[in-house]
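Read through the structure below, which is laid out as structure tokens, and then see the notes.
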Amino acid sequence: MEAPNNESFRDSIATISEDGKRAWIFPKKPSGKFYDYRKYVSYFLLAFLFAAPFIKINGNQFLMFNVLERRFNIFGFPFWPQDFHLFVISMIIGVIFITLFTVAFGRIFCGWICPQTIFMEMVFRRIEYWIDGDRGKQLRLKKSGWTSEKIRKRVLK
25 MEAPNNESFR
35 DSIATISEDG
45 KRAWIFPKKP
55 SGKFYDYRKY
65 VSYFLLAFLF
75 AAPFIKINGN
85 QFLMFNVLER
95 RFNIFGFPFW
105 PQDFHLFVIS
115 MIIGVIFITL
125 FTVAFGRIFC
135 GWICPQTIFM
145 EMVFRRIEYW
155 IDGDRGKQLR
165 LKKSGWTSEK
175 IRKRVLK
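Sequential numbering of the sequence shown, starting at 25, is according to our numbering.
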């Protein structure tokens, strides 16, 4: 028995309609136990991002890029121009580690700690839900005419 050939989805891009216009995607607002855990991890990482320049280790800032003085602090270690080779080797090791971690545990990295995911899902999408509402409200707003409410929401975003 031969398997049916259902590969027509490969013939077109999912976010482009038949007439060539953009097909907007309106995701459902997630909920559940693991989403709550993911929120807590994201809040911690966002707090760390904004607090890192103010954390001091051995008198040095945890994270500082001072271009004018040509001094960089990463994890509390100061790097000067003559330390450039150490900085490059550290960055290459970091990129290799992130790549290998993503290969081995891609779903964990991409879904929980990837900076793009954190900013998209925990910052921008939450603002979108706050302004436009959940998926149903977003669909109704898209289908409605240009009212003052729709203009106000589009300007806020």
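Cβ atoms here follow ideal geometry from the backbone N, Cα and C, with glycine treated the same way.
Please report the Cβ distance between residue i and residue j, rounded to the nearest whole angstrom; I am assuming they are in contact, meaning their Cβ atoms lie under 8 angstroms.
| i | j | result |
| --- | --- | --- |
| D156 | K177 | 6 angstroms |
| F103 | F111 | 5 angstroms |
| I142 | L69 | 6 angstroms |
Quick one: Cα of residue i to Cα of residue j, how far?
| i | j | result |
| --- | --- | --- |
| F99 | S66 | 20 angstroms |
| W170 | K53 | 25 angstroms |
| F125 | W136 | 13 angstroms |
| A128 | C134 | 11 angstroms |
| K57 | I132 | 16 angstroms |
| K63 | E145 | 9 angstroms |
| I40 | R46 | 5 angstroms |
| I81 | F101 | 8 angstroms |
| W48 | F108 | 45 angstroms |
Taking Cβ positions, are residue i and residue j nearer each other than 8 angstroms?
| i | j | result |
| --- | --- | --- |
| A76 | L87 | yes |
| N97 | Q85 | yes |
| K174 | L180 | no |
| L163 | F78 | no |
Ignoring anything shorter than 4 residues or poking outside the region 78-153, list the alpha helix (DSSP H) runs there in chain order.
-> 108-132 and 139-143
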